Amino acid sequence: MERDRSNGRSAAGDGTPISFGGVTYAKGLGVHAPSEIVYHLGGAADRFTALVGIDDFSKNQAATGGTQASVRGDGKVLFTSGKLTGAGGPVQVDLDVRGVKLLNLVVEDANANTAFDHTSWALARVTVLRPGRG
Numbered sequence: 003m004e005r006d007r008s009n010g011r012s013a014a015g016d017g018t019p020i021s022f023g024g025v026t027y028a029k030g031l032g033v034h035a036p037s038e039i040v041y042h043l044g045g046a047a048d049r050f051t052a053l054v055g056i057d058d059f060s061k062n063q064a065a066t067g068g069t070q071a072s073v074r075g076d077g078k079v080l081f082t083s084g085k086l087t088g089a090g091g092p093v094q095v096d097l098d099v100r101g102v103k104l105l106n107l108v109v110e111d112a113n114a115n116t117a118f119d120h121t122s123w124a125l126a127r128v129t130v131l132r133p134g135r136g
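Each residue of the sequence shown is one higher than the last, beginning at 3 in this note's numbering.
Here is the structure:
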């Protein structure tokens with residue numbers, strides 16, 4: 003896993019910023035399929051938003067990458083991207099996560115070829131409920 007980067011060849015922070023179609027994003031999360039990252043929200047969040055897809059760095063290495071991303075809240079599937087490729091660009095994620103205690107970000111291989119299956123979650127954000135809401 004790499005935070006705010008899309009390449010993990012050496013120490014943390016070595017990679018290029020996450021970009022899709024030449025648009026660079028300052029914040030995000032990069033993973034290689036298969037992966038699963040779990041965040042403890044404790045029921046205090048409102049929304050989870052992100053762009054998820056195969057980033058430009060991986061696409062430029064080879065066009066063979068194919069993954070599928072999903073988001074689960076307390077074990078329930080909240081979002082599935084369908085097949086992601088570098089040519090297809092990222093998919094917008096915008097989910098209601100009110101009451102969710104554990105948020106799982108999952109990336110799986112989608113084409114029986116694990117090469118270049120690096121997937122990035124750009125602009126990944128959780129909005130926290132304000133007191134008195136919810």
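C-beta atoms are modelled at their ideal positions from N, C-alpha and C, and glycine is treated no differently.
Note that the structure is a prediction, hence the values are computed from the model and not measured.
| field | Rounded distance between the beta-carbons of ASP111 and ALA64, thought under 8 Å | value | That belief does not hold up - the Cβ atoms of ALA64 and ASP111 are roughly 14 Å apart, past 8 Å.
| Residues bridged to GLN63 (per DSSP) | DSSP output for GLN63 lists no bridge partner at all.
| Which term fits ASP58, buried or exposed, when burial requires 16 or more other beta carbons within 10 angstroms of its beta carbon? | With 16 or more other Cβ atoms within 10 Å, it is buried.
| Paired residues, beta bridge with ASN1 - DSSP | The question about residue 1 has no answer, for the chain in this structure spans 3 to 136.
| said: For VAL128, which residues in the same chain have their Cβ closer than 6 Å to its Cβ, ignoring the five residues on either side in sequence? | reply: Cβ neighbours of VAL128 beyond the five flanking positions: ALA47, PHE50.
| said: Can you confirm whether ASP119, when its beta carbon is compared against all beta carbons of chain C, has any partner nearer than 9 Å? | reply: In the displayed structure, chain C is absent; only one protein chain is listed.
| query | When the Cβ atoms of the stretch 96 to 104 are set against those of the stretch 116 to 127, are three or more pairs found closer than 8 Å? | reply | Counting Cβ pairs under 8 Å, fewer than three are found: no touch.
| Cβ pair VAL33, ALA124 closer than 9 Å | Contact flag unset, no.
| CA-to-CA distance, TYR41 to GLY67, given in whole angstroms | One alpha carbon belongs to GLY67, the other to TYR41, and they sit about 26 Å apart.
| said: In whole angstroms, give me the CA-to-CA distance for SER60 and GLY91. | reply: In a straight line, the C-alpha of SER60 is about 12 Å away from that of GLY91.
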